[in-house]
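A.B. asks:
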Amino acid sequence: MYIVVGGGVVGLFSAVYLAREGADVVLVDSAPGGWSKAAAGVLEPTKFEINRINVRGYPVRYIKMWLKGKARIARLDWRWILTYIKVYGREYPEEIWNQVKELARFSISEYRRLAEEKNDFEFREEPLYEVVEDIEAEVAALKQDPLKPRFDVGEVKGRRAIVYLDSVVISTDLAVERLYREVASRGVRIVNKKASRVEEGRVVLEDGEILKGDGVIVAAGWWARRLGVPVAPLKGYGFRLVARWSGPTVADFIGGVFLVPFKGWIKATGRFDLDASPDHSPSRKVLAAAKTWLGDFEVMDMAVGYRPCAPDGLPVIERRGGVVVATGGCRLGWTLGPGIAHAAVQLLLGRSATALTTARFSAGKRLAAALKH
């Protein structure tokens, strides 16, 4: 039996892939899919620029966002900060980026396959219009992106925008429902409880119950910090709105909102707050930004998510004995989710290795050794 801790996008896919192997699987999460529903559902398989939080100059940009009220800092993890300082401005070898490309390639092919079976999560491939403060600076940054995105400069609703040509859109709300049904249909046992700690071959739940297995995948996002993985919670909010909208998918980085049209609602998401508190008052600013595009609307519901961000924006996929940690996708959680899950399962079953480990947070010999394996 194998245990998956965490029922977000990576955990759900991990449970599916293990079950496909014929394994008995237990999924531990008090509310599977809850946090992952907050995401916009805009997948960017050939673009990493949005995740490059450790490039030179980014801290100044984030502080400016904070000063303008577009970001919130309510929690500082000094272990994360120290690791961030260590990797600040660091460039990685091509082997790292090739692995990220493979995660994205696998993920998009998996979404296509699922949509071919039944497109009940509104999968579609279409351009994303990004409204930014400085078009020229954004163009320059995209040209430096290691994933080499295809883009153009265009216009949306009378505003100049970067047109990202390789984007894919899915409804995260419907995708969670689809994955949950598949997990259930494959006989995965779901334990609606929180994990307290993970040890070799077993998971201790908060009520004291102990689950034993042949291996464990920890895909619980920010929770992985308990295992010493430097991940910070970058909070975001997702609303389903009923409104009239005849436009395309838009990422308004000036106002601070993504707008994604679906058949039954408009998904409006925003914020990138270093904040794990229960205070969700900044969510009102997402609605205010949405109003500038949509006018009047009705709110169906709100979801809150905590993006697990490693200090360099890259995923962490690492084996520690019988435990595999899979976290750190940051803003590309859904974009890379199936690929991260597949890599974690293959690692757990001893079929492959990965360079996307915490060894990269140390310079020199440890990173070189990781790449050799």
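According to this note's numbering, the sequence shown is numbered sequentially starting from 1168.
From the three backbone atoms N, C-alpha and C, an ideal C-beta is built for every residue, glycine too.
Quick one: what's residue 1436 bridged to in DSSP?
C.D. replies: 1405 and 1425
A.B. asks: Compare the beta carbon distance of residue 1385 and residue 1490 with 8 Å and say whether it is the shorter of the two.
C.D. replies: yes
A.B. asks: Hey, how far is the Cα of residue 1336 from the Cα of residue 1294?
C.D. replies: 9 Å
A.B. asks: Cβ atoms of residue 1429 and residue 1334: under 8 Å apart, would you say?
C.D. replies: no
A.B. asks: Give, in chain order, every unbroken run of the alpha helix (DSSP H) that is at least 4 residues long and sits entirely within the stretch 1446-1514.
C.D. replies: 1450-1461
A.B. asks: Between which two residues does the alpha helix (DSSP H) carrying residue 1366 extend?
C.D. replies: No alpha helix (DSSP H) contains residue 1366, which is instead part of the beta strand (DSSP E) from 1362-1366.
A.B. asks: Expressed to the nearest angstrom, what Euclidean distance is found between the alpha-carbon atoms of residue 1412 and residue 1436?
C.D. replies: 15 Å
A.B. asks: Can you name, in chain order, every residue of its own chain whose Cβ lies under 6 Å from the Cβ of residue 1340, other than the five neighbours on each side?
C.D. replies: 1204
A.B. asks: What residue does the alpha helix (DSSP H) around residue 1273 start on, and which one ends it?
C.D. replies: 1261-1284
A.B. asks: Could you check what DSSP says for residue 1400 in three-state terms: helix, strand or coil?
C.D. replies: strand
A.B. asks: Report the rounded CA-to-CA distance for residue 1503 versus residue 1462, giving the unit in angstroms.
C.D. replies: 33 Å
A.B. asks: Pick from 1176, 1472 and 1431: whose alpha carbon is nearest that of residue 1403?
C.D. replies: 1472
A.B. asks: Any chance you could list the alpha helix (DSSP H) runs of at least 4 consecutive residues sitting entirely within the stretch 1331-1361, in chain order?
C.D. replies: 1339-1352
A.B. asks: Please classify residue 1187: is it buried, with 16 or more other beta-carbons within 10 angstroms of its beta-carbon, or exposed?
C.D. replies: exposed
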